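First up is the structure itself, then whatever we jot down about it.
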Amino acid sequence: MKFGVVVFPGSNCDRDMQDALSHDLGYPVEMLWHKDSDLSHFTTDDCVVLPGGFSYGDYLRCGAIAKFSPMMQSVIEFANKGGKVLGVCNGFQILVESGLLPGVLLRNKYLEFICKNVFVKANNKDNSYFKDDKKNVYEFHIAHNEGNYFCSNDQIKEINDNNQIALFYSDENGNVNEQSNPNGSLQNIAGIFNKQKNVIGMMPHPERLNDPMLGGLDGNRLFQSLSESLVTS
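The sequence shown begins at 4 in this note's numbering and counts up one residue at a time.
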């Protein structure tokens, strides 16, 4: 499999993602410029990543302008055909703005930018992203101002009914509680899937914990699980 990392003006985690995938894990990675639109050489066994940062300066709302880029129109078509799409932080915000995922990302509960390591618990492992990882709890890094996930009562019922919650904020033992919720997200949600489970958005950054010198290797677990599940499927 190969990865494509979309580069928007204002992206600042695109090279971190490229380094984590190519240098540390050895996957082929193509950088995809936001003004381009060709994804014809990507198959449903490949994955397009929307990285963190401040696409288009976060004008209007986070991700609100990025959704109109030529590349995003192709990403939407790619996802609708079953292609894997991973959105991290600002990438998650772009996914909800583009309609590929339900809900919105609001200002953090205490109206402060949060930058720290957190623990998250995988809620649904019946998908390509987590099914080949035997552990449920990850230590990832967060760095966001608008990471407070929210949706309507009807939407959260549908999300729960379809088992679309991918990750909960938790403690290191996997306990999901108010104390482990860093930003006020509804039901401690740190990441969600679309109904088909090929699109995932998450606020934590797996690419920032991919080397012992950075504090851990939990980020590699997600990417390796995704790769192994596609190879064996």
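No residue lacks a Cβ here, since even glycine has one placed at the ideal position from N, Cα and C. Please read all numbers here as calculations on a predicted model, not as lab measurements.
For residue i, list the residues DSSP reports as bridge partners.
| i | result |
| --- | --- |
| MET205 | VAL91 and GLY194 |
| MET34 | VAL8 |
| GLU142 | PHE122 |
| VAL179 | The partner list for VAL179 (beta bridge, DSSP) is empty, contrary to what the question assumes. |
| TYR152 | LEU108 |
| ASP19 | According to DSSP, ASP19 bridges with nothing at all. |
| ASP214 | GLY219 |
| LEU53 | GLY90 |
| TYR172 | VAL123 |
Among the residues of its own chain, which have a CB less than 7 Å from the CB of residue i, if the five just before and after it don't count?
| i | result |
| --- | --- |
| ASN186 | ASN111, LYS112, ILE117, GLY150 and ASN151 |
| LEU109 | GLU149, ASN151 and PHE153 |
| GLN96 | CYS65, GLY66, LEU108 and GLU149 |
| ASN130 | PHE196 and LYS200 |
| HIS144 | ASN120, PRO207, HIS208, ARG211 and LEU212 |
| SER40 | PRO73, MET74, GLN76 and SER77 |
Could you check whether residue j and residue i sit closer than 8 Å to each other, using their CB atoms as the reference points?
| i | j | result |
| --- | --- | --- |
| GLN167 | LYS198 | yes |
| GLU100 | ALA67 | yes |
| GLY60 | GLY13 | yes |
| PHE153 | VAL107 | yes |
| ASP136 | SER228 | yes |
| ASN126 | ALA169 | yes |
| ASP214 | ASP49 | no |
| LEU89 | VAL32 | no |
| TYR172 | SER155 | no |
| ILE195 | LEU104 | yes |
| ASP22 | PRO54 | no |
| GLY204 | GLY29 | no |
| PHE226 | LEU42 | no |
Taking residue i and residue j to be in contact with their CB atoms under 8 Å, please state how far apart those CB atoms are, rounded to whole angstroms.
| i | j | result |
| --- | --- | --- |
| PHE45 | PHE81 | 6 Å |
| MET20 | GLU231 | Going by Cβ atoms, the distance from MET20 to GLU231 rounds to 19 Å, so no, they are not a contact pair. |
| MET206 | CYS92 | 6 Å |
Any beta-carbon of chain C closer than 8 Å to the one on residue i?
| i | result |
| --- | --- |
| LYS70 | Given the protein chain composition of this structure (a single chain), no chain C is represented. |
Tell me which residues share the same chain as residue i and place their Cβ nearer than 6 Å to its Cβ, disregarding the 5 neighbours each side in the sequence.
| i | result |
| --- | --- |
| ASN15 | GLY56 |
| LYS128 | LYS134 |
| TYR132 | ILE203 and LEU229 |
| MET34 | VAL8 and VAL10 |
| TYR36 | First, the residue type needs correcting, since residue 36 is Trp and not Tyr in the sequence shown. Here the set comprises VAL10. |
For residue i, collect the residues of the same chain with a Cβ closer than 8 Å to its Cβ; drop the 5 residues on either side in sequence, then sort them by chain order.
| i | result |
| --- | --- |
| LEU217 | ARG211 |
| ASP174 | PHE122, ASN180, GLN182 and SER183 |
| TYR62 | ILE68 |
| VAL140 | PHE122, VAL123, LYS124, ALA125, SER173, GLU175, ASN176 and GLY177 |
### Query
Do three or more CB pairs link the segment 172 to 185 to the segment 66 to 84 at distances below 8 Å?
no
### Query
Are there three or more Cβ pairs, one per stretch, closer than 8 Å when the segment 151 to 165 is compared with the segment 212 to 225?
No, the segment 151 to 165 does not touch the segment 212 to 225.
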